[in-house]
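Novice: Sharing a structure here in structure tokens format.
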Amino acid sequence: MVLEVALIDVIPGREEEFAAAYAEGHKTLHGTPGCRSVRMTRGVESPSRFVLLVEWDTVAAHEENFRATDRYVTWRDLIGPFFAAPPVVEHFTDVPA
């Protein structure tokens with residue numbers, strides 16, 4: 001399993017619209033083969049900053065089943081207009097305890 005972490009800065013004053021767009025697009029992302037879970041969080045100290053957390057079976061599942069498909073186009077068309085800057089996206093794996 002890999003965790004996709006996307007830091008998203010939203011145009012100030014457009015946060016509620018962004019949250020509504022995320023709610024609308026959630027099923028598009030979550031329904032992607034290889035997607036295990038999707039969660040969006042919002043900054044307390046920085047309310048225009050959001051963090052998207054997506055668990056994927058593999059990085060390939062993210063890139064091939066989502067990023068390379070119309071699902072991504074639909075998703076980006078919904079949430080993209082609210083970005084203050086391009087999101088920073090990275091993948092992470094768990095560190096054993």
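Taking UniProt numbering, the leading residue of the sequence shown gets 1, the next gets one more, and so forth. By construction, the Cβ of each residue, glycine as well, lies at the ideal position given by its N, Cα and C atoms.
Just grab the DSSP bridge partners of Leu7 for me.
Specialist: BP columns for Leu7 point to Val51 and Val88.
Novice: Does DSSP put Val73 in a helix, in a strand, or in coil?
Specialist: Of the three classes helix, strand and coil, the one that applies to Val73 here is helix, per DSSP.
Novice: For Glu24, collect the residues of the same chain with a Cβ closer than 8 Å to its Cβ; drop the 5 residues on either side in sequence, then sort them by chain order.
Specialist: Here the set comprises Leu78.
Novice: Residues in its own chain within less than 6 Å of Asn65 by CB, not counting five upstream and five downstream?
Specialist: Hits under 6 Å: Thr32, Pro33 and Gly34.
Novice: If we ignore side chains and look at the alpha-carbon of each, how far apart do Pro12 and Ala21 end up?
Specialist: If I take the Cα positions, the gap works out to 15 Å.
Novice: Measure from the alpha carbon of Leu53 to the alpha carbon of each residue in Glu16, Pro81 and Val88, then state which is nearest.
Specialist: Nearest option by C-alpha distance: Val88.
Novice: Suppose you measure from the CA of Arg71 to the CA of Thr28; what does that come to, to the nearest Å?
Specialist: Distance between the alpha carbons of Arg71 and Thr28: 6 Å.
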